[in-house]
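Engineer:
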Amino acid sequence: MIQLTKAEEDIMKILWQLKKANVKAIIEEFPEPKPAYNTVSTIVRILENKGAVDYEKQGKGHIYFPILKQQDYSNQTLNKLVDGYFQGSFKSMVSFFMKKNDISVNELESVLKEINKND
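Just so we're aligned, residue 30 is where the sequence shown starts under the working numbering, counting upward by one.
1) Quick check: what's the CA-CA separation for ILE72 versus ILE31?
2) Please go through the same chain and pick out, in chain order, the residues whose beta-carbon is closer than 6 Å to the beta-carbon of GLY90, but skip the five residues on each side of it.
3) Of the choices ALA81, LEU141, SER121 and ASN130, whose alpha-carbon is the least far from that of TRP45?
4) Span of the beta strand (DSSP E) holding LYS48?
5) Could you tell me the alpha carbon to alpha carbon distance between LYS109 and ASN130, rounded to whole angstroms?
6) Provide the residue(s) that pair with GLU85 in DSSP beta bridges, ordered along the chain.
7) Buried or exposed: which applies to VAL134, given that a residue is buried once 16 or more other Cβ atoms fall within 10 Å of its Cβ?
8) Taking buried to mean at least 16 other C-beta atoms within 10 Å of its own C-beta, is TYR93 buried or exposed?
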């Protein structure tokens, strides 16, 4: 299971969107104020060491691409949330969010239809 910091996750989101990018292209996707080139480059190398990204050489530079699939990371993160805060009970998590976010019956039915559609 790959653990990502917030900064690493931000870069992964950009790479998932772009599919392939060099450090300069990653920086361009950030809102102002943009992070420093060295900062992004260091984080990308950390992601490479963690096995989340790889690269191909292009001239003197590198083009990075995600190895870690977004769906796999999302599932892993959701499972960690359910296990850590809801004792592994998805039902408890859904109940919590329904109460806290005042979800209507129609919204819940819509969610259930989406779940059943994916089965």
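Glycine included, each C-beta is placed from N, C-alpha and C at the ideal position.
Structural biologist: So, to answer that:
1) By one-based count along the sequence shown, residue 72 stands at place 43. By one-based count along the sequence shown, residue 31 stands at place 2. Answer to the nearest angstrom: the Cα atoms are 14 Å apart.
2) Here residue 90 refers to the residue found at position 61 of the sequence shown. Counting only Cβ-Cβ distances below 6 Å, and skipping sequence neighbours, we find ASN51.
3) Numbered from its first residue, the sequence shown carries residue 45 at position 16. When ALA81, LEU141, SER121 and ASN130 are compared, the shortest CA-CA separation from TRP45 is found for ALA81.
4) Taking the first residue of the sequence shown as position 1, residue 48 is located at position 19. Unbroken run through LYS48: none, as it is neither H nor E.
5) Taking the sequence shown and counting its residues from 1, one reaches residue 109 at position 80. Taking the sequence shown and counting its residues from 1, one reaches residue 130 at position 101. Here the C-alpha atom of LYS109 lies approximately 21 Å from the C-alpha atom of ASN130.
6) Position 56 of the sequence shown, counted from the first residue, corresponds to residue 85. Its beta-bridge partners are ILE92.
7) Walking along the sequence shown from the start, residue 134 turns up at place 105. Answer is exposed; the Cβ neighbour count stays below 16.
8) Counting from one through the sequence shown, the residue named residue 93 turns up at place 64. Under this definition TYR93 is a buried residue.
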